[in-house]
Amino acid sequence: MPLVAVIPEPNARVEVREVDEPDLEANSALLEVEVSEVCGTDVHVQQGRLAGVPYPLVPGHVSVGRLQKIRGELLDVEGRRFKEGDRITFLDVHRTCNACWYCLVAKAGTRCPQRKVYGITYGLDDELSGGWATHIYIKPGTRCIALDAEPETFMAGGCALPTSLHAVERGDIKIGDTALVLGSGPVGINAIVLALMRGALGVLCIGAPQARLDAAIEAGAHAALNIETHDDAQRLAWVLEQTAGRGADVTIEATGAPEAVVQAMRFTRDAGTVVVVGQYTDHGLTSFNPHIDLNKKHLDVRGCWGSEFSHFYCATQLVKHRPEAWTRMKLISYGLDQANEALADVSDGRVLKALIRP
Ligand SMILES: [Zn+2]
Ligand SMILES: [Zn+2]
């Protein structure tokens with residue numbers, strides 16, 4: 630019988646349970662999980678900080694595994710038929726309807742009200758729908774992608790890679806730009822790699838702790854500053870010093886701290902762009918001066934919610950064709966029965982990327 634690691638309710642410890650194997654509907658599959666991940670979202674889900682989460686829940690929204698059983702037909706985006714034994718990953722967002730106002734008029738599929746996310750808004754009652762498990766039920770309509778790379782290389786990027794791909798796309802980083810990344814967690818580190826790929830000539834990072842700043846430099850950042858030893862004024866002075874007194878062309882905020890959004894605005898040059906991707910959960914209010922920080926600066930501030938199939942697809946292609954940045958990233962693996970330890974290590978920033986190996 631499949632094993633799952635369950636968060637029974639907010640702030641409860643994760644428990645390993647045995648569950649029944651689902652009956653496969655037409656055009657669905659059973660995936661044998663090789664590796665899933667623990668990210669900041671899972672910490673927030675465990676702490677009950679995310680709205681719309683159905684507990685009990687099996688976390689793990691981005692995973693890699695092999696198709697163990699297929700019922701009916703499962704096709705990739707190029708129309709090729711998957712077969713049993715294939716290694717795949719899949720878009721964690723399911724049921725984007727492509728029929729509602731947001732999907733069709735606004736063309737903003739990540740705001741489709743019908744969408745469900747494996748491991749976040751699907752719970753234990755929705756069959757095997759999280760990656761902290763020996764198996765995942767690939768429901769009909771799930772977008773699977775063949776993975777022609779080592780599972781660890783893809784999972785080094787994990788959910789942070791498609792998220793960062795979306796963020797740098799929203800930031801429209803151009804050849805020659807100086808990009809500033811606030812935050813040195815997985816999204817920040819991936820954003821550094823991708824800003825360079827988009828042609829940024831300088832990438833700065835402000836974050837903590839030191840081990841994560843070392844990872845930022847390893848990922849290609851030209852300079853990094855520790856927030857633990859530099860206050861707001863020192864951070865601003867450092868950014869101006871690195872940018873001929875103007876500020877960054879594009880700033881990606883990936884911190885989870887509301888005040889960092891205001892700092893991002895102040896650290897960006899006049900007529901520059903700020904992308905806010907680090908406020909996935911509600912950490913409260915912050916304030917800014919609309920005249921000085923926004924209007925007079927002629928600043929473009931953009932939110933960035935979730936990721937789309939194109940970002941997942943691009944992530945699989947990047948780790949296949951340009952794997953270097955991700956093979957270098959440090960990973961730590963935990964068994965299903967070590968999920969509590971993994972959550973604590975991610976929550977405290979002791980590890981950059983934690984994987985679950987069921
Ligand atoms: Zn995640
Ligand atoms: Zn829709």
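The sequence shown lines up with residues 630 to 987 when you count with this note's numbering. Don't be surprised by glycine CBs; every beta carbon is placed ideally from N, CA and C.
Checklist entry - Where in the stretch 822-895 do unbroken runs of the beta strand (DSSP E), each at least 3 residues long, occur, reported from the N-terminal end onward? => result 831-836, 852-855 and 877-882
Checklist entry - With 16 as the cutoff for other CB atoms within 10 Å, does Ser916 come out buried or exposed? => result exposed
Next on the checklist: Along the chain, where does the beta strand (DSSP E) containing Val930 start, and where does it finish?
Outcome noted: Asp929 to Gly932
Checklist entry - Between the stretch 676-689 and the stretch 752-763, are three or more C-beta pairs nearer than 8 Å? => result yes
Next on the checklist: Looking only at its chain, what residues have a beta carbon closer than 7 Å to the beta carbon of Gln839, apart from the 5 residues adjacent to it on each side?
Outcome noted: Asn855
Item to check | Paired residues, beta bridge with Leu991 - DSSP | outcome: The structure shown does not extend to residue 991, since the chain spans only 630 to 987, so no value can be given for it.
Checklist entry - Just reading off the alpha helix (DSSP H) that Gly786 is part of, what are its end residues? => result Pro780 to Gly786
Checklist entry - Between Glu666 and ligand 1, is the CB less than 8 Å from at least one heavy atom? => result yes
Checklist entry - Is it right to say His940 is buried, meaning 16 or more other beta carbons lie within 10 angstroms of its own, or is it exposed? => result buried
Checklist entry - Tell me, which residues are paired with Lys745 by DSSP? => result His723
Item to check | DSSP-derived helix/strand/coil call for Gly901 | outcome: strand
Checklist entry - Quick one: what's got a C-beta closer than 7 Å to Pro952's C-beta in the same chain, skipping five residues either side? => result Ala778 and Thr782
Checklist entry - Measuring CA to CA, which of Asp721, Arg642 and Arg841 is closest to Pro769? => result Asp721
Checklist entry - Under the criterion of a Cβ to heavy atom distance below 8 Å, does Asp974 qualify as lining ligand 1? => result no
Checklist entry - Going straight from the alpha carbon of Leu809 to that of Asp843, what length do you get? => result 16 Å
Next on the checklist: So, under 8 Å CB-CB, Ala889 and Leu811 are touching, yes? Tell me the CB distance rounded to an integer number of Å.
Outcome noted: 5 Å
Checklist entry - How many whole angstroms separate the CB atoms of Arg895 and Asp922, which I take to be in contact at a CB cut-off of 8 Å? => result 6 Å
Item to check | Cβ neighbour criterion (16 or more within 10 Å) applied to His673 | outcome: buried
Next on the checklist: So, does the stretch 797-807 touch the stretch 898-913, judging by three or more C-beta pairs under 8 Å?
Outcome noted: yes
Item to check | the stretch 788-797 in contact with the stretch 928-946 per 3-pair CB rule at 8 Å | outcome: yes
Item to check | heavy atom of ligand 1 below 8 Å from Cys933 C-beta | outcome: no
Checklist entry - Is Glu666 buried or exposed, if buried means 16 or more other CB atoms sit within 10 Å of its CB? => result buried
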